[in-house]
Amino acid sequence: MTQSSGNGRSGVLALAGGVGGAKLAVGLARILKPDALTIVVNTGDDETFYGLHISPDIDTVTYSLAGLANPDTGWGFAGDTFNALETLKTLGADAWFGLGDHDLALHLRRTDMLRSGMTLSEVTLDLARRMGVRHPVLPMSDQPVRTIIKSTDGEMSFQEYFVHRRSEPEVIGLRFEGADSATASPVFQRALENVEAIVFCPSNPFLSVDPILALPDVREMIVASDVPRVIVSPIIGGRAVKGPAARIFETFAHKPPSALAVAEHYEGMATHFVMDNEDEASRDAVEALGYQVLVTETLMIEDTHKIALSTAVCKMAGVSI
Ligand code: FO1
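Taking the numbering used here, the leading residue of the sequence shown gets -5, the next gets one more, and so forth.
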């Protein structure tokens, strides 16, 4: 069993989206035992393609933990081929979402398991274990929650906006369809009650973390919890490392991306804030919001960076490793 903190709580709950979240999850998994880390992943980006249930962020986190992720994109299976997708196109499918052959096998299996009556949590844990992942990876909810982009071209799913339309439509709002009637997955609920620290991985606050916080009671439980809650900023030197964060920031924060804008977004939810060396100028302003601040290198290219940042995060939160 893992060591428990003085208040009887133990372990870390990591909230993650796709590529950035997966990188920190890999670092945390390298320094924490499987019973000392629970990784809860955004499912707002999930979508059905060709009748198959696709959970891109869960797969990105799971493949990364299993050492199977495509190193160039961060998502998808390393070295995958696209024969099935090419055949689908020949057969008339509008196959714009890049599902590789290995990846498709996972989606076939997941969809089959879901149809047999298993929950998404059960399926996710089972498939991750079969891929050699020892730490629990869970969806934020077992019920469908979908991130819907409101744009000047109308409403569309996240993948339609991000992949098919290449983030081109002008975004005017977001909504998380189904969030009100969904519940946090059972392991997520237990983790919220029992962990000694919560880590917000460096994922897009609006697109990847807000869907998790939109679930009933989740935001309130985090705000009310008296454990260290650490935000790891996804912004480095005023730039988003990956994805459409910059434009989304402008739209929702009404200001360019910055560590300070991230800190303001999560104000009241967290106690600690980790920002990159390049953003040090905003240290005082972030501290003025009530955070304890750590300024360090946050760009995670190699595993050594992931481990170093995770170690700093755990140390800051008083978690023994
Ligand atoms: N992102 C793309 O930009 N293009 C794709 O064709 C694509 C396919 C894809 C397939 C499986 C998967 O798990 C992820 C995939 N992604 C693709 C990434 C995904 O759209 C986003 O990175 C996440 O939803 C945001 O975290």
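Even glycine gets a Cβ: it sits at the ideal position worked out from N, Cα and C. Only a predicted model underlies this, so the values are computations on that prediction, with no experimental measurement involved.
Exercise. With Ala264 and Phe194 assumed to form a contact (beta carbons below 8 angstroms), what rounded beta-carbon distance in angstroms separates them?
Worked result: Reading the sequence shown from its first residue, position 270 is the one you call residue 264. Reading the sequence shown from its first residue, position 200 is the one you call residue 194. That belief holds up - the Cβ atoms of Ala264 and Phe194 are roughly 7 angstroms apart, short of 8 angstroms.
Exercise. Measuring from the CB of Leu93, is there a heavy atom of the ligand FO1 at a distance below 7 angstroms?
Worked result: Here residue 93 refers to the residue found at position 99 when the sequence shown is read from its first residue. Leu93: yes, Cβ under 7 angstroms from the ligand FO1.
Exercise. Does the ligand FO1 have a heavy atom nearer than 7 angstroms to the CB of Gln183?
Worked result: One-based indexing of the sequence shown puts residue 183 at position 189. Not so, every heavy atom of the ligand FO1 lies at least 7 angstroms from the Cβ.
Exercise. Helix, strand or coil: which one does DSSP assign to Ser151?
Worked result: Taking the sequence shown and counting its residues from 1, one reaches residue 151 at position 157. It is a strand residue.
For this session: Give me the Cα-Cα distance between Pro163 and Lys27, rounded to the nearest whole angstrom.
Result: Position 169 of the sequence shown, counted from the start, is the residue given in the question as residue 163. Position 33 of the sequence shown, counted from the start, is the residue given in the question as residue 27. Each residue's Cα considered, the two are about 43 angstroms apart.
For this session: Kindly list the residues whose CB is nearer than 6 angstroms to the CB of Asp147, restricted to its own chain and excluding five residues on each side of it in sequence; keep chain order.
Result: Here residue 147 refers to the residue found at position 153 of the sequence shown. Here the set comprises Pro163.
For this session: Quick one: residues in its chain with C-beta nearer than 7 angstroms to the C-beta of Thr305, no 5 flanking neighbours on either side, listed in chain order?
Result: Taking the first residue of the sequence shown as position 1, residue 305 is located at position 311. For Thr305, where only same-chain residues beyond five positions count, the Cβ hits under 7 angstroms are Ile25 and Ile315.
Exercise. How many Å lie between Ser219 and Leu132 at the Cα?
Worked result: Counting from one through the sequence shown, the residue named residue 219 turns up at place 225. Counting from one through the sequence shown, the residue named residue 132 turns up at place 138. Cα to Cα, the separation comes out at about 21 angstroms.
Problem set entry | Residue interval of the beta strand (DSSP E) (run including Ala10) | Taking the first residue of the sequence shown as position 1, residue 10 is located at position 16. That run of the beta strand (DSSP E) goes Val6 to Ala10.
For this session: Go ahead and label Gly231 buried or exposed: buried means 16 or more other beta carbons lie within 10 angstroms of its beta carbon, across all protein chains shown.
Result: Reading the sequence shown from its first residue, position 237 is the one you call residue 231. So Gly231 ends up on the exposed side.
Exercise. If we count the other Cβ atoms within 10 Å of its Cβ and call it buried at 16 or more, is Met(-5) buried or exposed?
Worked result: As a first step, residue -5 must be located in the sequence shown, where it is residue number 1. Because the pLDDT of Met(-5) is 47, which lies under 50, any placement of that residue in the model is unreliable, and the question is left without a value.
Problem set entry | Proximity test, Gly11 beta-carbon vs the ligand FO1 heavy atom, cut-off 7 angstroms | For this step, residue 11 is matched to residue 17 along the sequence shown. Correct: Gly11 has its Cβ closer than 7 angstroms to the ligand FO1.
For this session: Within 10 angstroms of the Cβ of Asp297, are there 16 or more other Cβ atoms? Answer buried if so, exposed if not.
Result: Along the sequence shown, one-based indexing puts residue 297 at 303. Flag for Asp297 reads exposed.
Problem set entry | Option nearest Tyr57 by Cα separation, candidates Ala30, Lys83 and Asp97 | If you number the sequence shown from 1, residue 57 lands on position 63. Checked all of Ala30, Lys83 and Asp97; the closest Cα to Tyr57 is Asp97.
Problem set entry | Three CB pairs or more closer than 8 angstroms across the stretch 75 to 93 and the stretch 134 to 143 | no
Exercise. Would you say Thr396 and Ala63 are within 8 angstroms of each other, going by their C-beta atoms?
Worked result: The displayed coordinates of the chain run from -5 to 315. Any statement about residue 396 would go beyond what the structure contains.
For this session: Return the first residue and the last residue of the beta strand (DSSP E) that Phe156 is part of.
Result: Within the sequence shown, the letter at position 162 stands for residue 156. Note, Phe156: premise wrong, no beta strand (DSSP E); not H, not E.
Exercise. Just the Cα atoms here: how many angstroms apart are Ala10 and Asn36?
Worked result: Within the sequence shown, the letter at position 16 stands for residue 10. Within the sequence shown, the letter at position 42 stands for residue 36. Cα-Cα distance, rounded: 6 angstroms.
Exercise. Using DSSP with H/G/I as helix, E/B as strand and the rest coil, what is His299?
Worked result: For the purposes of this step, residue 299 is identified with residue 305 of the sequence shown, where counting begins at 1. DSSP places His299 in helix when its eight states are reduced to three.
Exercise. Would the stretch 147 to 156 and the stretch 256 to 276 be scored as touching if the rule is three or more Cβ pairs under 8 angstroms?
Worked result: no
Exercise. Is the stretch 81 to 95 in contact with the stretch 106 to 122, if contact means three or more CB pairs nearer than 8 angstroms?
Worked result: no
Problem set entry | Of the residues Gly12, Phe43 and Gly5, the one placed nearest Leu31, counting alpha carbons only | The residue given as residue 31 occupies position 37 in the sequence shown. Ranking Gly12, Phe43 and Gly5 by Cα distance to Leu31 puts Gly5 first.
Problem set entry | Those residues which DSSP pairs with Arg233 across a bridge | For this step, residue 233 is matched to residue 239 along the sequence shown. According to DSSP, which records beta bridges pairwise, Arg233 is partnered with Ile230.
Problem set entry | Separation of Val157 from Ser197, as counted between CA atoms | Along the sequence shown, one-based indexing puts residue 197 at 203. Along the sequence shown, one-based indexing puts residue 157 at 163. Answer to the nearest angstrom: the Cα atoms are 18 angstroms apart.
Exercise. If you run the structure through DSSP and keep just helix, strand and coil, what is Met(-5)?
Worked result: Residue mapping note: residue -5 aligns to position 1 of the sequence shown, counting from 1. Confidence at Met(-5) is low in this model, with a pLDDT of 47, below 50, so its placement is unreliable and no value can be given for it.
For this session: Specify the secondary structure class of Phe76 as computed by DSSP and reduced to three states.
Result: Translated into the one-based positions of the sequence shown, residue 76 becomes position 82. Of the three classes helix, strand and coil, the one that applies to Phe76 here is coil, per DSSP.
For this session: With DSSP as the reference, label Phe91 as helix, strand or coil.
Result: Stepping through the sequence shown from its first residue, residue 91 is reached at position 97. Residue state, collapsed to three classes: coil.
Problem set entry | Outcome for His129 when other beta-carbon atoms lying within 10 angstroms are tallied against a minimum of 16 | Reading the sequence shown from its first residue, position 135 is the one you call residue 129. Buried, since its Cβ has 16 or more Cβ neighbours within 10 Å.
For this session: Jot down the residue ranges of each uninterrupted beta strand (DSSP E) in the stretch 176 to 208, minimum 3 residues, whole runs only, in chain order.
Result: 191 to 194
Exercise. Which partner residues does Gly312 have in the DSSP bridge list?
Worked result: Position 318 of the sequence shown, counted from the first residue, corresponds to residue 312. Looking at the DSSP assignment, Gly312 forms no beta bridge with any residue, so it has no partner.
Problem set entry | Beta-carbon proximity check, Lys300 vs Val20, cutoff 8 angstroms | By one-based count along the sequence shown, residue 300 stands at place 306. By one-based count along the sequence shown, residue 20 stands at place 26. It is a contact, given that the beta carbons lie within the stated cut-off.
Exercise. Going by Cα to Cα distance, which pick from Val13, Gly284, Ala87 and Asp29 is closest to Gly45?
Worked result: Position 51 of the sequence shown holds residue 45. For Gly45, the nearest C-alpha among the options comes from Ala87.
Problem set entry | Local conformation of Met215 per DSSP, three classes | Against the sequence shown, residue 215 aligns to sequence position 221. Correct three-state label for Met215: helix.
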